[in-house]
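Colleague: Note that the numbering used here numbers the sequence shown so that position 18 is 19, with each residue one more than the last.
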Amino acid sequence: MLKTNERAPSPAPTARVTYRAALAKDAADQAEVFYHAVMQGAATHYGLDERRAWANALPREASAWAARQA
Numbered sequence: 002m003l004k005t006n007e008r009a010p011s012p013a014p015t016a017r018v019t020y021r022a023a024l025a026k027d028a029a030d031q032a033e034v035f036y037h038a039v040m041q042g043a044a045t046h047y048g049l050d051e052r053r054a055w056a057n058a059l060p061r062e063a064s065a066w067a068a069r070q071a
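1) Check the C-beta distance from Ala56 over to Tyr36 and give it rounded, since I have them as a contact under 8 Å.
2) Determine the direct distance from the alpha carbon of Lys26 to that of Lys17, and round the result to whole angstroms.
3) On the premise that Glu62 lies in contact with Ala32, defined as a C-beta separation below 8 Å, what is that separation, rounded to the nearest angstrom?
4) Could you check which residue in Ala29, Tyr20, Ala58, Val39 has the C-alpha nearest to that of Ala67?
5) To the nearest angstrom, how far is the alpha carbon of Asp50 from that of Pro60?
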C-alpha cells in the first residue's frame, strides 16, 4: 500500500530501439553526428588542430556520406 506522499512506479516504456542498415537518406544526419562527435565528444582527449584534421578527413556534405552507403 502506498503512503500519501509516495508515487506508484512508472510503467515500463514500450518503445524499443530498432537497428537497421544506414540509408542514403540518413547521410546528412550521419555527417553531423560524426562531426560533432569528433569536435565535442573528443575535446577532452585531443587538441583542436587534431580534431579538425580528424573531422575534415570525411566531408560534411550529405552527398559524400550517401556515396559511402552505396
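Backbone N, C-alpha and C fix where the C-beta goes; we use that ideal spot for every residue, glycine too.
Modeller: The short version:
1) 5 Å
2) Looking at the sequence provided, one finds Arg at residue 17 rather than Lys. One C-alpha to the other measures close to 22 Å.
3) 7 Å
4) Ala29
5) 16 Å
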